[in-house]
Amino acid sequence: HMSIAIFLAILLGTSAFHKMRNIHDFRRALTGYGFPAYVTRSSAVYIVPAIEALITMLLLTGSHMGVWAGLALFSAYFLLLSAGLASGKAGMDCGCSWGGKPGLLSRLGLVRNGGLIILSLMLLLPATDRVTGWFDYVNASFAGLAFFIIYIAADTAITLRSQHFWNEGRAL
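In this note's numbering, the protein residues as written are 1 to 172.
Here it is as structure tokens:
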């Protein structure tokens, strides 16, 4: 449980940081999804990174509220990606690339977000009831960091594959 919570906290924390650092790219991504200008041009765009930062803190404190909030956020992202794909916006910047090369909206992004939903659900399963020692915290922290590195590699592969197929005129 602890390593999954740490992984999701790292993911959401870095996501919030990158949204704040590249707020113009985030505004552009929201506009691509069809959010109205009064939302994308106002301070309302800061709500999402603030929620991600709050969930990060809740996950790191072991709060079940953080798990439920993360599950709701990942589900909302899944629905947003699904709506974008259903409306024919495959190939637009999905807003999931942390300010690097644009991550293109694709079905692979749905798979990625589905995996994050499953990981969030796993945090709701009962855990063993034993005393947690310092070594457990160190081990879980490194495992969470390793999960994050694997996630970044998979996300980069998804982005590159989506861009390759999009450049060939085929959407994933």
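Glycine included, C-beta positions come from ideal geometry on N, C-alpha and C.
*Of the listed residues Leu-12, Ile-152, Ser-3 and Ala-154, nearest to Leu-73 (C-alpha basis)*: Looking up residue 73 in the sequence shown gives position 73. For the residues Leu-12, Ile-152, Ser-3 and Ala-154, the minimum Cα distance to Leu-73 belongs to Leu-12.
_Beta carbon of Leu-81 nearer than 8 Å to that of Cys-94_ = The residue given as residue 81 occupies position 81 in the sequence shown. The residue given as residue 94 occupies position 94 in the sequence shown. Yes, these two residues count as a Cβ contact at 8 Å.
*Got a sec? Which residues, its chain only, sit under 6 Å from Val-131 by beta carbon, not counting five neighbours each side?*
Locating residue 131 in the sequence shown gives position 131, where the first residue counts as 1. Residues of the same chain with a CB within less than 6 Å of the CB of Val-131, apart from the 5 flanking positions on each side, do not exist.
*Buried or exposed for Leu-30, please, with buried defined as at least 16 other CB atoms from any protein chain shown within 10 angstroms of its CB.*
In the sequence shown, counting from the first residue as 1, residue 30 sits at position 30. Label assigned to Leu-30: buried.
*If we ignore side chains and look at the alpha-carbon of each, how far apart do Phe-148 and Leu-125 end up?*
Against the sequence shown, residue 148 aligns to sequence position 148. Against the sequence shown, residue 125 aligns to sequence position 125. Their Cα atoms are separated by approximately 21 Å.
*Using the rule of at least 16 other Cβ atoms within 10 Å of the residue's Cβ for burial, across every protein chain shown, is Arg-112 buried or exposed?*
Working through the sequence shown from its first residue, we reach residue 112 at position 112. Buried, since its Cβ has 16 or more Cβ neighbours within 10 Å.
*Please work out which residues of its chain come closer than 8 Å, Cβ to Cβ, to Lys-89, disregarding the five sequence neighbours upstream and downstream, and give them in chain order.*
Walking along the sequence shown from the start, residue 89 turns up at place 89. Same-chain partners within the cutoff: Gly-32, Tyr-33 and Leu-105.
*With distances taken from CA atoms, which of Val-45, Tyr-77 and Pro-36 is nearest Ala-25?*
The residue you call residue 25 lines up with position 25 of the sequence shown. This sequence places Asp at residue 25; Ala is not what is there. Asp-25 has its Cα closest to that of Val-45, out of Val-45, Tyr-77 and Pro-36.
*Kindly indicate the opening and closing residues of the alpha helix (DSSP H) around Pro-49.*
What you label residue 49 is simply residue 49 of the sequence shown in a count that begins at 1. Run containing Pro-49: 47-60, per the alpha helix (DSSP H) assignment.
*Is Leu-105 helix, strand or coil when you go by DSSP?*
Position 105 of the sequence shown, counted from the first residue, corresponds to residue 105. Coil at Leu-105, not helix or strand.
*Could you please give me the residues that DSSP links to Asp-93 through a beta bridge?*
One-based indexing of the sequence shown puts residue 93 at position 93. Answer is Leu-104.
*Where does Phe-135 land, buried or exposed, given buried means 16+ other C-beta within 10 angstroms?*
Working through the sequence shown from its first residue, we reach residue 135 at position 135. It is exposed - the Cβ of Phe-135 has fewer than 16 other Cβ atoms within 10 Å.
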